[in-house]
Amino acid sequence: MRFMMLIHHDETALAAAPQKELWADYGAFNQALAKAEGSSTGLRLRPSSAATTVRQHDGKTDVLDGPYADTKEQFAGYFFVEAPSLDEAIAWAKRCPSSKYGSIEIRPVVDPTPGVKG
Amino acid sequence: MAVDDAHRASERVARESYGRLIALLAARTRDVAGAEDALGDAFAAALRTWPVDGVPENPDAWLLTAARRRQTDAIRKRQVRTAAEDQVKLIVNEIEAMADQRDAIPDRRLALMFACAHPAIDPGIRTPLILQTILGLTAEEIATAFLVPPKTMGQRLARAKTRIRDAGIPFQVPDQDELSDRLAAVLDAIYAAYTKGWNEASDDAGSELADEAIWLGRLIVSLLPDQPEAKGLLALMLYTTARRAARHEAGAFVPLERQDTNLWDRRLIALAEDLLHEANAAGPSGRYQIEAAIQSAHVARRLTGVANWAAVVALYDHLLALLDSPVVILNRAVARAELDGPHAALAELAPLEADRRMLAYQPYWAARGHLSSLAGDTASAAQALTVSIGLTTDEAVKRYLLGRLASLHGDPRMQE
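Protein chains in written order, with the numbering used here: chain A, 1 to 118; chain B, 1001 to 1416.
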């Protein structure tokens, strides 16, 4: 199965973390991830202060300053893993340094095989 | 012959093999609902054909083959493109291999139970899910036991099954380093079924749910013979079941320390003692081993005439270090009263007074009433007993508590 791992950061907790150690941990994690078959290192996003949200209704467009939901944890990045089951995906989430400063949401990706209902 | 024999054979298979067949059918696709549909159709086909053609030599293999065929049809209907053909072929091969093996149908029920009690499944639905997938209980039967409308229970079960299929929850026994944590969830689910059944059991009629839980406990012990906690849980359930006949007299509840030990089931107690012994020899004590050991200390009264309260209190100390639960504090205090008197016990309950969970917890008020009455504080005892009566839904317990309340107006120590 293919899983998308969505990183949500508590931005205050992350800012307070020892930065040198954090990024060293991340470097090691990304290397381990790069070696795993079918998995791919993801992308890191700029903080939620840089987010813009667009919504259309009744022919009008709203452009809002800020993220979709103003919560304590903000969407911060993602990566993909290929794993036989949820258990291995959970193991990857535990390895990811971000799980200490927020949470990792694990979402199975719909198999793109034609004709298969999700 | 026919109809009766076919029915009887189906019933036997349903009881003994339902979970085994579901576990096999769902293992590859992780589609529990699909497996249930396929097996349901296979059972219907069996009831049609067995009375005519006779019961097959190996009913399990027959049902498995029929269900696999049905499952394959369902997958074919869903997946028409070439990419799915390999999978269909694989499943067909599996059917043939399975039919050849006949006697050696592998047992994957353990993997199914670990899927049902996976940490990614809501704890509240784990027990119902195990009852349905392993034992084949209907949503209606489970709903009655869990005091939930059948429709709601059906929806929750369906949602959990969809989750098993879509979230990627594995059908496998976890690795050694994860096993004890994960096993705890499975054992908790079984124990939840047991306590539910036990609390609802009437006078001397046993509870079907409690019996099913014991059956699951035996299954776990047979599938994981090296796990001491599994044996501890089974021992715990057998100890309490052994006292089933003694806990009611003339429709009123009889507390453990006043039960007639002649009414205890010696055979079950002996079984429990053996299991506990094996569990203790095999490794460190977990929650269920300790709780079983507490039961064992209570049961010692049958042989010596006196309960071993010092041992009970010491065991509660271990349990408290492991669980830190207000219920354990409460039980420990009641046991301590027998050693050090009611005042010491009441002092131990002090930290619970601020615990909001205790406000509507019937055993808390019953214990307070009991301890205050021992301490000669009739007013507090009457108040606490009245609250506990108001919180009780069990008629036998209510009758017992009303008796205690009435006795307060005489000599408060008369009952002891």
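Backbone N, C-alpha and C fix where the C-beta goes; we use that ideal spot for every residue, glycine too.
**Report entry** Per-residue burial, residue 951 of chain B [other beta carbons within 10 Å of its own, 16 or more giving buried]
**Finding:** Residue 951 of chain B lies beyond the stretch modelled for chain B, which goes from 1001 to 1416, so this question has no answer here.
**Report entry** Straight-line gap, residue 1368 of chain B to residue 1403 of chain B (C-alpha atoms, nearest Å)
**Finding:** C-alpha separation (whole angstroms): 16 Å.
Query raised in the report: Between residue 1174 of chain B and residue 1115 of chain B, is the Cβ-Cβ spacing less than 8 Å?
Result: Not a contact, by the Cβ cut-off of 8 Å.
Query raised in the report: Among A:71, A:112, A:85, A:83, which residue has its Cα nearest to the Cα of residue 103 of chain A?
Result: Nearest of A:71, A:112, A:85, A:83 to residue 103 of chain A, Cα basis: A:71.
Query raised in the report: When the cut-off is 8 Å and only beta carbons count, does residue 119 of chain A lie next to chain B?
Result: Limits of chain A in this structure are 1 at one end and 118 at the other, which puts residue 119 of chain A out of reach.
Query raised in the report: When the Cα atoms are used, what is the spatial distance from residue 1195 of chain B to residue 1210 of chain B?
Result: Their Cα atoms are separated by approximately 7 Å.
Query - Local conformation of residue 1227 of chain B per DSSP, three classes - result: Three-state result, residue 1227 of chain B: coil.
Query raised in the report: Cβ atoms of residue 1186 of chain B and residue 1220 of chain B: under 8 Å apart, would you say?
Result: Less than 8 Å divides the Cβ of residue 1220 of chain B from the Cβ of residue 1186 of chain B.
**Report entry** Contact the segment 1330–1347 of chain B vs the segment 1372–1384 of chain B: 3+ CB pairs below 8 Å
**Finding:** Contact between the segment 1330–1347 of chain B and the segment 1372–1384 of chain B is present: 3 or more CB-CB pairs across the two stretches fall below 8 Å.
Report task. Inspect the beta-carbon positions of residue 1127 of chain B and residue 1189 of chain B and report whether they are closer than 8 Å. Result -> Yes, they are a contact pair.
Query raised in the report: CA-CA distance, residue 1193 of chain B and residue 22 of chain A?
Result: Rounded to the nearest angstrom, the two C-alpha atoms are 45 Å apart.
Requested in this report: Specify, as a first and last residue, the run of the beta strand (DSSP E) that residue 108 of chain A falls within.
Outcome: Counting along the chain, the beta strand (DSSP E) containing residue 108 of chain A begins and ends at 102–108.
**Report entry** Proximity below 8 Å, CB of residue 1389 of chain B to CB of residue 1408 of chain B
**Finding:** It is not a contact, given that the beta carbons lie outside the stated cut-off.
Query raised in the report: Among the residues of its own chain, which have a CB less than 8 Å from the CB of residue 1119 of chain B, if the five just before and after it don't count?
Result: Here residue 1119 of chain B has 1182, 1185 as same chain residues with Cβ atoms under 8 Å from its own Cβ, once five neighbours each way along the sequence are excluded.
Query raised in the report: Taking DSSP as the reference, what is the three-state secondary structure of residue 1299 of chain B?
Result: Reduced to three states, the DSSP call for residue 1299 of chain B is helix.
**Report entry** Nearest-angstrom beta carbon gap, residue 1038 of chain B and residue 1252 of chain B [assumed within contact, 8 Å]
**Finding:** With a Cβ gap of about 50 Å, residue 1252 of chain B and residue 1038 of chain B do not count as contacting.
Query raised in the report: When burial is assigned at 16 or more other CB atoms within 10 Å of the CB, is residue 1277 of chain B buried or exposed?
Result: Label assigned to residue 1277 of chain B: exposed.
**Report entry** Delimiting residues of the alpha helix (DSSP H) encompassing residue 1340 of chain B
**Finding:** The continuous alpha helix (DSSP H) containing residue 1340 of chain B extends over residues 1326–1340.
Query - Within chain B, partners of residue 99 of chain A - CB distance below 9 Å - result: Under the 9 Å cutoff, chain B gives no residues; its nearest Cβ is about 15 Å from residue 99 of chain A.
Report task. Kindly indicate which three-state DSSP category residue 1081 of chain B falls into: helix, strand or coil? Result -> For residue 1081 of chain B, the predicted structure reports a pLDDT of 47, less than 50, and the residue's modelled location is therefore unreliable. A value from the coordinates is still provided. In the structure shown, residue 1081 of chain B sits in coil (DSSP, three-state: anything other than H, G, I, E or B).
Query raised in the report: Exposed or buried, which one is residue 10 of chain A when buried takes at least 16 other CB atoms within 10 Å?
Result: Residue 10 of chain A is buried by the Cβ-count criterion.
Report task. Could you please tell me which residues of the segment 1–22 of chain A, in chain order, have their CB closer than 9 Å to any CB of chain B? Result -> Under the 9 Å Cβ criterion, the segment 1–22 of chain A contributes 1, 3.
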